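Engineer: Once you've had a glance at the structure underneath, I'll fire off some questions.
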Amino acid sequence: MIATLKMNDGYSIPQLGMGAYLLPDGDECYNSIRSGLDLGLRLIDTAAAYQNERTVGRAIRESGVDRGEVFLTTKLWVQDYGYENALKSIDGALQRLDIGYIDLLLLHRPAGDNIGAYKALEEAQRQGRVRSIGICNHTRPQLEKLLAATDVVPAINQMECHPLQQQKGLRPFLEEKGILMESWFPLGHGSKRLKFNETLTAIAEKAGKSVSQVILRWHIQEGFIIFPKSTNPDHMKENMGIFDFTLSEEDMNAIRALDAGRYLGGDPESPENFKKWESLTFEL
Ligand SMILES: NC(=O)c1ccc[n+]([C@@H]2O[C@H](COP(=O)([O-])OP(=O)(O)OC[C@H]3O[C@@H](n4cnc5c(N)ncnc54)[C@H](OP(=O)(O)O)[C@@H]3O)[C@@H](O)[C@H]2O)c1
144 MIATLKMNDG YSIPQLGMGA YLLPDGDECY NSIRSGLDLG LRLIDTAAAY
194 QNERTVGRAI RESGVDRGEV FLTTKLWVQD YGYENALKSI DGALQRLDIG
244 YIDLLLLHRP AGDNIGAYKA LEEAQRQGRV RSIGICNHTR PQLEKLLAAT
294 DVVPAINQME CHPLQQQKGL RPFLEEKGIL MESWFPLGHG SKRLKFNETL
344 TAIAEKAGKS VSQVILRWHI QEGFIIFPKS TNPDHMKENM GIFDFTLSEE
394 DMNAIRALDA GRYLGGDPES PENFKKWESL TFEL
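For the working numbering, count along the sequence shown from 1 and bump the result up by 143.
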């Protein structure tokens with residue numbers, strides 16, 4: 144049974160789902176989403192920038208799973224920021240997905256006019272086209288700026304997080320503000336540094352679980368929301384087998400000690416990365 148968490152707006156979110164990053168639009172994406180839904184996963188994380196919202200929406204519509212049971216997250220890309228642009232791009236996302244409403248809409252990066260874009264998210268939430276709203280990749284200073292200029296406290300901040308990057312500096316601030324954290328790259332994007340890590344391997348052996356299951360269980364016990372990406376139904380099943388065991392406090396502390404503050408997917412405060420995100424555009 145997959146656990147759920149309550150967000151600060153009253154809606155619940157499954158703590159485990161599936162990610163849709165690098166799922167090329169078409170059969171690969173369609174089959175992965177259908178497999179996940181068939182297996183019982185209900186949280187799907189996509190983004191305008193993944194360029195597969197149409198296929199994700201079609202897989203949900205054709206799955207036979209009630210719309211109310213599915214929790215769909217998508218994200219606006221920086222090219223669509225600014226208040227008016229973002230309002231238009233929310234219409235675009237709703238059309239591409241074609242599933243009535245969006246459960247959770249996030250800003251993908253804290254670049255460009257993210258404040259104007261967040262105000263459009265607030266408006267879409269008032270109109271009921273989007274249930275919950277939030278952000279990704281906002282470090283504490285970026286989040287403080289956003290909170291000072293807007294009305295609705297984000298329900299979620301989605302950050303790179305795994306045993307090598309545990310977001311220890313940011314997490315107390317999120318807790319204080321009632322913002323839940325979603326971990327992207329929960330398995331370190333398949334990093335060998337995690338797969339063959341001695342501490343993780345020893346804990347996995349002791350628990351009779353795989354290293355992936357131990358890492359995912361660590362996220363769950365820390366209170367994070369996760370959506371590992373997999374195109375392999377056996378991996379999806381394995382990733383769902385994390386609610387029938389508990390890591391001891393000693394094991395949790397051993398994993399906490401692996402934190403190296405290391406970003407595998409790009410430093411969210413680097414000026415070079417900001418330039419890159421602001422110049423990147425996608426055909427939607
Ligand atoms: N907001 C953002 O800026 C942002 C950025 C990046 C990602 N994300 C979100 O986070 C999601 C997850 O990140 P990610 O997909 O890049 O990385 P990830 O979930 O950490 O790792 C995915 C990799 O792990 C492998 N894998 C999954 N389960 C496994 C298992 N049980 N055993 C062995 N290998 C396994 C997958 O291969 P197989 O397919 O072979 O299983 C894939 O290569 C994305 O899909 C996306 O939705 C958000």
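Beta carbons are placed, not taken as given, at the ideal position from N, Cα and C, and that holds for glycine. The structure displayed is predicted, hence computed values, not measured ones.
1) Should P414 be labelled buried (16 or more other beta-carbon atoms within 10 Å of its own) or exposed?
2) Grab me the residues of K372's own chain with a C-beta within less than 6 Å of its C-beta, minus the 5 sequence neighbours each way, in chain order.
3) When the distance is taken between beta carbons, is A345 closer than 9 Å to S353?
4) For I299 versus P329, is the C-beta spacing smaller than 9 Å?
5) Please classify L423 as buried or exposed, where buried requires at least 16 other C-beta atoms within 10 Å of its C-beta.
6) Would the beta-carbon of Q268 fall within 9 Å of that of I276?
7) Tell me whether P329 counts as near ligand 1, meaning its Cβ is closer than 8 Å to at least one heavy atom of that ligand.
8) Please confirm whether any heavy atom of ligand 1 lies closer than 8 Å to the CB of F370.
9) State yes or no: is the C-beta of E412 within less than 9 Å of the C-beta of G255?
10) Can you tell which of I187, L182, G153 and T198 has its C-alpha closest to the C-alpha of C172?
11) Taking 9 Å as the threshold (C-beta atoms), are Y226 and L250 in contact?
12) For P157, which beta-bridge partners are listed by DSSP?
13) If we ignore side chains and look at the alpha-carbon of each, how far apart do T147 and Q222 end up?
14) I believe R272 touches I233 by the beta-carbon criterion, under 8 Å. Please report the beta-carbon distance rounded to the nearest angstrom.
15) Just to confirm, does C172 get its C-beta within under 8 Å of one of the non-hydrogen atoms of ligand 1?
16) At which residues does the alpha helix (DSSP H) containing F388 begin and terminate?
17) Let me know the beta strand (DSSP E) ranges lying completely inside the region 218–287, each 3 residues or longer, listed in chain order.
18) Residues in the same chain with beta-carbon distance under 6 Å from R274, minus the five sequence neighbours each way, listed in chain order, please.
19) Beta-carbon within less than 7 Å of S355's beta-carbon, same chain only, minus the 5 sequence neighbours each way: which residues are those?
20) As a quick exercise: from D410, A192, N151 and L159, pick the residue whose alpha carbon is nearest that of G179.
21) Could you check where the alpha helix (DSSP H) with S175 kicks off and where it finishes?
22) Taking only three categories from DSSP, how would you classify I299?
23) Please determine, among M150, D152 and Q194, the residue with the shortest C-alpha to C-alpha distance to G169.
24) Does DSSP classify S353 as helix, strand or coil?
25) From the DSSP output, which residues share a beta bridge with Q308?
26) So, with DSSP's three-state summary, where would you put I322?
Structural biologist: Put simply:
1) exposed
2) G162 and Y164
3) no
4) No, the pair does not count as a contact, with Cβ atoms beyond the cut-off.
5) It is exposed - the Cβ of L423 has fewer than 16 other Cβ atoms within 10 Å.
6) Yes, these two residues count as a Cβ contact at 9 Å.
7) yes
8) Checking every heavy atom of ligand 1 against the Cβ of F370, one is found closer than 8 Å.
9) no
10) T198
11) Note that the C-beta distance between L250 and Y226 is not below 9 Å.
12) T147
13) A direct Cα-Cα distance of roughly 33 Å separates T147 from Q222.
14) The C-beta distance from R272 to I233 rounds to 7 Å, short enough to fall under 8 Å.
15) No, the beta carbon of C172 sits no closer than 8 Å to any heavy atom of ligand 1.
16) Careful: F388 lies outside any alpha helix (DSSP H) and carries neither H nor E.
17) 245–250 and 273–279
18) Y154 and D246
19) L330, E381 and N382
20) L159 is the residue among D410, A192, N151 and L159 whose C-alpha sits nearest the C-alpha of G179.
21) D170 to L182
22) Of the three classes helix, strand and coil, the one that applies to I299 here is strand, per DSSP.
23) When C-alpha distances from G169 are compared across M150, D152 and Q194, the shortest belongs to Q194.
24) coil
25) H305
26) coil
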